[in-house]
Amino acid sequence: MGYYTLAAEAGFSAAHRLPDVDQCDRLHGHNWRIRLTVQIDETDLNQAGMGIDFRQIEAVAEEAVADFDHSYLNDLEPFRDTAPTAERLAKVIYERAALGLASITPAASLVEVEAWEMSNYRVTYRPV
Ligand SMILES: [Zn+2]
41 MGYYTLAAEA GFSAAHRLPD VDQCDRLHGH NWRIRLTVQI DETDLNQAGM GIDFRQIEAV
101 AEEAVADFDH SYLNDLEPFR DTAPTAERLA KVIYERAALG LASITPAASL VEVEAWEMSN
161 YRVTYRPV
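Sequential numbering from 41 applies to the sequence shown in the numbering used here.
Following this line, the structure appears as structure tokens:
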């Protein structure tokens, strides 16, 4: 018996500052890219032979970062007390997206969230 993983991506543009981290301490921005990877058992495919529609994963991803787009991340609630590093961003997105996904289908579970700060810098959050 196997399972499938499906993934969809979304993006947003945002500014941040990472206090006391070299030049990251200066105000700057990134065009972030995120990818949600979802797992579904092969026994849970629907009548159409699909685990979950890619567009639904994409919508969950877009919803999870909607308030980040064109924002100054340090000012947002999740990052009031902690610097908005790529690591923390990925975890916040994971928590939001897991809730969003659960509301669509209990058969799909969120495996991981990847977040690209730049095309060559990526962080992955995966719960234990
Ligand atoms: Zn940065």
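All residues carry an ideal CB built from backbone N, CA and C; glycine is no exception.
Counting the other CB atoms within 10 Å of its CB gives arginine 136 a total of 16 or more, which places it among the buried residues. In this structure, histidine 70 lies away from alanine 48, with their beta-carbon atoms at least 8 Å apart. When C-alpha distances from histidine 68 are compared across Glu157, Ile144, Met41 and Asp81, the shortest belongs to Glu157. In the structure shown, the three-state DSSP call for threonine 164 is strand. A distance below 7 Å between beta-carbons, with the five flanking residues on each side excluded, links glutamine 87 to no residue of its chain. Glycine 140 carries a helical assignment under DSSP once its states are collapsed to helix, strand and coil. Histidine 110 has its CB no nearer than 7 Å to any heavy atom of ligand 1. Val151 is the residue among Arg128, Val151, Val163 and Pro167 whose C-alpha sits nearest the C-alpha of valine 78. Measuring C-alpha to C-alpha distances from tyrosine 112 to each of Asp93, Gln96, Ala104 and Ala123 identifies Ala123 as the nearest.
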